[in-house]
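Input: a single structure, listed below in structure tokens.
Numbering (the numbering used here), first residue to last: 4 to 297.
Printed below as a string of structure tokens:
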């Protein structure tokens with residue numbers, strides 16, 4: 004079968020990867036350069052942590068996250084086999100840690116209560132850390148007296164609906180430093196919005212905001228830059244000498260009900276509305292789309 008895939012972001016490439024073993028004739032179309040992608044995936048930090056996202060997403064998307072989490076290992080094995088150089092892909096499964104600065108400790112406690120409600124079936128996957136326990140899990144956070152440690156878990160069922168499509172803005176900064184050794188994603192819970200810091204290979208860190216209530220494709224603002232970089236420095240003074248590699252802003256599509264969906268019209272299938280959860284929910288949705296092709 005001839006299949007044209009419009010968009011070579013994360014979802015487009017996952018679909019192509021999934022269809023290759025079935026010997027379909029695939030054409031992958033992309034408006035921008037393959038060497039310098041500008042899609043949402045280029046903006047994102049690559050988070051696939053359903054537990055830590057549970058307070059911000061509908062239960063249906065949480066379930067898609069758990070389904071995708073189980074699919075990622077096979078996806079990465081297939082990618083490695085198809086890659087002529089068999090380069091490994093970093094895949095971290097050690098959980099996420101959430102902290103708040105001293106003046107906003109109430110935000111962390113409120114966040115814990117939200118997590119307990121969202122993850123009521125999985126109490127063992129949420130652990131409060133105190134004093135030396137924080138440093139035992141993440142040594143670079145030894146200055147924090149309290150933290151929430153979120154492990155990986157499972158969930159049950161999802162149904163999907165689609166509504167009017169909109170967009171949400173995301174902003175990230177990538178920095179490089181050898182002075183910080185974080186081993187897992189860190190969420191900084193604050194009153195205004197949550198900031199994430201994600202360690203990557205080669206001493207690279209991605210810092211971004213998860214709840215910026217802005218729209219438009221303009222460049223990152225001074226205020227946002229100060230918010231993100233100040234959070235980095237406050238988390239660990241070793242970030243003071245970090246080199247800024249890139250500062251990126253972009254928009255991501257979402258439906259009004261916050262639930263991504265696969266829609267079908269004649270011989271056209273559309274997968275959209277992933278917001279900032281492409282890595283989290285994408286593989287499960289791709290499987291749903293593939294079933295319609297088969």
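Ideal placement from N, C-alpha and C gives every residue a C-beta, glycine not left out.
Buried/exposed call for residue i, threshold 16 Cβ in 10 Å
i           : result
residue 191 : buried
residue 94  : exposed
residue 160 : Any answer about residue 160 is weak, because its pLDDT of 36 lies below 50 and its placement is not dependable; what the coordinates show is given next. That one is exposed.
residue 54  : buried
residue 157 : Low confidence applies here, because residue 157 scores a pLDDT of 44, under 50, leaving its location unreliable; read the following figure in that light. Classification for residue 157: exposed.
residue 229 : exposed
residue 164 : In this prediction, residue 164 has a pLDDT of 38, which is less than 50 and means its spatial position is unreliable; nothing more can be read from the coordinates.
residue 89  : exposed
residue 162 : With a pLDDT of 38 at residue 162, under the threshold of 50, the predicted position of this residue should be treated as unreliable, and no value is reported.
residue 152 : buried
residue 244 : exposed
DSSP bridge partner residues for residue i (one or two, in chain order)
i           : result
residue 254 : 172
residue 246 : 179
residue 202 : 208
residue 5   : 28
residue 273 : 266
residue 191 : 102 and 198
Closest Cα partner of residue i within the set the options
i           : options              : result
residue 195 : 61, 33 and 109       : 109
residue 33  : 26, 19 and 23        : 19
residue 169 : 130, 255 and 123     : 255
residue 59  : 111, 261 and 101     : 261
residue 73  : 145, 287, 294 and 30 : 287
residue 176 : 21, 48 and 35        : 48
residue 106 : 183, 148 and 273     : 148
residue 25  : 280, 67, 52 and 6    : 6
residue 293 : 12, 17 and 126       : 17
Residue range of the beta strand (DSSP E) that includes residue i
i           : result
residue 212 : 207–212
residue 1   : Lying before the first or after the last residue shown, residue 1 is absent from the chain, which here runs from 4 to 297.
residue 155 : First-last for residue 155: undefined, no H or E at that position.
Extent of the continuous alpha helix (DSSP H) run through residue i
i           : result
residue 236 : 225–238
residue 288 : 281–296
residue 56  : 53–56
The ligand GTP heavy atom lying under 7 Å from the CB of residue i
i           : result
residue 191 : Although the ligand GTP was asked about, the structure shown includes no ligands whatsoever.
Segments of 3+ residues assigned as beta strand (DSSP E) that fall wholly inside the region 75–151: 99–102 and 129–133
field: Runs of beta strand (DSSP E) wholly within the region 10–47 (minimum 3 residues, chain order)
entry: 28–32
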